[in-house]
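Encoded as structure tokens, the structure appears first; notes follow it.
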Amino acid sequence: MSLKIKSAKDCTFDQISLGEIMLRLDPGEGRVRTARQFKVWEGGGEYNTSRGLRKCFGLRTAVATAFVDNEVGHLLEDFVMQGGVCTDFIKWREDDGMGRTVRNGLNFTERGFGIRGAVGVPDRGNTAASQLKPGDFDWEHIFGKLGVRWFHTGGIFAALSETTAALTIEAVKAAAKYGTIVSYDLNYRPSLWKSIGGLKKAQEVNREIASYVDVMIGNEEDFTASLGFEVKGVDHNISTIPVDAFKAMIETAVKDFPNFKVAATTLRRVITATKNDWSAICWHDGKFFESRKYAELEILDRVGGGDGFASGLSFGFLEHNDPQKAVEYGAAHGALASTTPGDTSMATRKEVEKQIAGGGARVVR
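Quick note on numbering: the sequence shown equals residues 1 to 365 in my numbering.
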């Protein structure tokens, strides 16, 4: 009961992600609409997994993306370098001087507090990453010659444009061809698909991608919207994801996509913006595995918690090839990522493993 993962000694990289990285402008405890200053972070749903695997778990990771060759683009590059993620596969686009034809993405995000939920205002039209297209990356070289154990991308990048959807399909096909494990976070965002075909296009693209995916990540709403599965008796307007509904949906999904070897999601009950019940579940080889529960987890910044889960889940399989350990690493890492500001994880492997073992929050001296 394990995944068929390439040996680390036969691969240059443990993991590579494909996605957009934006500058996150964070007003801290305040609000975007009244801010006088912002803290700047980098973040992107796909990239966050590579950074977490590198900084928290010490694996060799890289990101395939694109920036404009200007000061903002090189600021983003510097953030990636600080995270230890390989920059060899960053494509640089010429600056037109005004951002009329190509630019770097911005994401204004406030954290929320109590009854006030988090708010994100992305500004990512005409970005360099959204203009990526098939043929921009030499996947034969990356997967065939360099060697990659795990490839991760997701529904946010696929939804940026018709060309990124096509590029995502090209990438997962190439990864599958060379036996690289493919993970995909559905991350359905209706606003992103609106201008390129809406829900119908989202399902068309995601179902094609899904046929090459080994590890599918997403909550019940992601699966129903992106892949067209429906489970009766589920209220999509509540934050709680019913475990039984997720299990029933996965059992249906794997019949349509027998290539799925793992399906996983976080389980969150949103009490307030700063207090959630948190756990996770994954399906593998016909069985379900649930993590320990983090009751009333106090959240400083919820953005990136799901990406922390995805990177922890990946690490659990890459390091131990064990579904129970994988879901525990994912849940603990995602929970810890929610306790620090910014999109990316600031946790250490020791802290993650302490939580898995049931450790508390007493001061460490």
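We put the CB at the ideal spot given by N, CA and C, even for glycine. Note that the structure is a prediction, hence the values are computed from the model and not measured.
Residue i - DSSP class collapsed to helix/strand/coil
{"i": "P323", "result": "helix"}
{"i": "G316", "result": "helix"}
{"i": "Y329", "result": "helix"}
{"i": "T49", "result": "helix"}
{"i": "I115", "result": "coil"}
{"i": "F309", "result": "helix"}
{"i": "G43", "result": "strand"}
{"i": "R93", "result": "strand"}
{"i": "T163", "result": "helix"}
{"i": "M216", "result": "strand"}
{"i": "Q15", "result": "strand"}
Closest by C-alpha distance to residue i, when choosing among the options
{"i": "D292", "options": "S226, S279, A166, M81", "result": "Just to set this straight, residue 292 is Arg in the shown sequence, not Asp. Residue S279 is the option with its Cα nearest to R292."}
{"i": "G218", "options": "G197, V68, G52, K247", "result": "K247"}
{"i": "D185", "options": "I209, A166, K177, W193", "result": "I209"}
{"i": "G73", "options": "R207, F113, I21, G83", "result": "I21"}
{"i": "A264", "options": "A273, T272, G286", "result": "G286"}
{"i": "R189", "options": "P122, F260, R36, F13", "result": "P122"}
{"i": "F13", "options": "R24, L25, V63", "result": "V63"}
{"i": "S191", "options": "F157, T87, G83, V68", "result": "F157"}
{"i": "S183", "options": "R302, G45, T274, W193", "result": "G45"}
{"i": "Y294", "options": "A165, V303, Q355", "result": "Q355"}
{"i": "T109", "options": "T34, E251, F89, A66", "result": "T34"}
{"i": "R116", "options": "S311, L132, I299, E353", "result": "I299"}
{"i": "V148", "options": "G179, A166, S161", "result": "G179"}
{"i": "D222", "options": "F67, G197, M249", "result": "M249"}
{"i": "L313", "options": "A165, R302, W283, T340", "result": "W283"}
Extent of the continuous alpha helix (DSSP H) run through residue i
{"i": "P134", "result": "Here P134 belongs to no alpha helix (DSSP H), and DSSP marks it neither H nor E."}
{"i": "N126", "result": "N126 -> no alpha helix (DSSP H), and no H or E assigned at all."}
{"i": "T252", "result": "243-256"}
{"i": "D78", "result": "71-82"}
{"i": "E353", "result": "349-356"}
{"i": "D207", "result": "According to the sequence provided, residue 207 is Arg. The question's Asp does not apply to it. 198-210 is the extent of the alpha helix (DSSP H) around R207."}
Residues bridged to residue i (per DSSP)
{"i": "Y188", "result": "Answer is none; Y188 lacks a bridge partner."}
{"i": "F289", "result": "C282"}
{"i": "N276", "result": "V270, L297"}
{"i": "T265", "result": "I281"}
{"i": "I181", "result": "W150"}
{"i": "R375", "result": "Given that the chain is displayed from residue 1 to residue 365, the structure contains no residue 375 and the question cannot be resolved."}
{"i": "C86", "result": "A62"}
Where the beta strand (DSSP E) through residue i begins and ends
{"i": "R149", "result": "148-154"}
{"i": "A64", "result": "61-68"}
{"i": "S366", "result": "Lying before the first or after the last residue shown, residue 366 is absent from the chain, which here runs from 1 to 365."}
{"i": "N107", "result": "106-110"}
{"i": "D26", "result": "22-26"}
Nearest-angstrom beta carbon gap, residue j and residue i [assumed within contact, 8 Å]
{"i": "V119", "j": "V32", "result": "7 Å"}
{"i": "G52", "j": "H333", "result": "7 Å"}
{"i": "D343", "j": "W41", "result": "6 Å"}
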